[in-house]
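Engineer: Below are the structure tokens for one structure; questions will follow.
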Amino acid sequence: EMKGSLLDQYLFVNNEVRKINARQIKEVCSNPVPKQLWKDRFLRMNGETRAGFADQRTYFYHGQPVDHQVHLGMDIASTAHAAVKAANSGKVVMAEYMGIYGNAIILDHGQGVYSLYAHLSRFDVSPGEMVEKGEVIARSGATGMAGGDHLHFSMLIHGIFVTPLEWWDQHWIDMNINDVLNQL
């Protein structure tokens, strides 16, 4: 059982548990599949964007700021327990409860490209499974540090969070990945 005031407990979760989760994610993303498993743009879940990548979040308690964090993904809200599909083909390298992220899945798409799906209500895949682009892997939820049912979606390159917007854009993929690789 956690000790201290509600504020102390909240700050512990929002800071210390967040740091532990960051180390867990870095570790999971440290041994990528060497070959590219993904093709073309990554799929975006249908729904309303509720929070963007790199949003600055200031947390208040009794009208006073008590904490500040940067949001490292996109929050997309649809219907409760909406189907969550693999954004691209890959290998399930994690499907477990992980602190602030709640029930979370990480897919390894090869060559250091990863996607993370968080706050899930249910897993439909297990670690070690290969999944195809568009395959249902989970259901959205409100587990972990979530204020309501939604999908928190992140993209990572070798464990570093990057904006998903580019990975959802076929033109960006062509210009910055495919064209570069074709020139090698």
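Quick note on this note's numbering: the sequence shown kicks off at 486 and runs consecutively.
Ideal Cβ placement from N, Cα and C applies to all residues, glycine included.
Source: prediction; values computed, not measured.
(1) Nearest to I622 by CA position, among G597, V598 and I591, is which residue?
(2) Just to confirm my understanding: we take D532, look at its own chain, exclude 5 residues before and 5 after, and list those with CB closer than 6 Å. What are they?
(3) Just to confirm the assignment, what range does the beta strand (DSSP E) spanning Q668 have?
(4) Can you name, in chain order, every residue of its own chain whose Cβ lies under 6 Å from the Cβ of T648, other than the five neighbours on each side?
(5) From the DSSP secondary-structure annotation, give me the bridge partner or partners of M579.
(6) Note down the Cα distance separating V577 from H637, rounded to an integer number of angstroms.
(7) At what residue ranges does the segment 594-662 contain a whole run of the beta strand (DSSP E), taking only runs of 3 or more?
(8) Evaluate the contact criterion for the segment 592-607 versus the segment 542-556: three or more CB pairs, one atom per stretch, below 8 Å.
(9) When we look at the beta-carbon of M583 and count the other beta-carbons within 10 Å, is it buried (16 or more) or exposed?
(10) Quick one, are the C-beta atoms of F527 and A572 less than 8 Å apart?
Structural biologist: Taking the geometry as given:
(1) Of G597, V598 and I591, the smallest CA-CA separation from I622 is found for I591.
(2) In the sequence as presented, Asp is not what sits at residue 532; that position holds Gly. Here the set comprises I561, A562 and S563.
(3) Element bounds for Q668: n/a, residue is neither H nor E.
(4) Here the set comprises F538.
(5) Beta-bridge pairing links M579 to I591.
(6) Looking at the two C-alpha atoms, the distance is approximately 17 Å.
(7) If we require 3 residues or more, the beta strand (DSSP E) runs fully inside the segment 594-662 come out as 598-605, 621-624, 636-642 and 645-647.
(8) Contact between the segment 592-607 and the segment 542-556 is absent, with fewer than three C-beta pairs closer than 8 Å.
(9) Only buried fits M583, as 16 or more other CB atoms lie within 10 angstroms of its CB.
(10) Yes, they are a contact pair.
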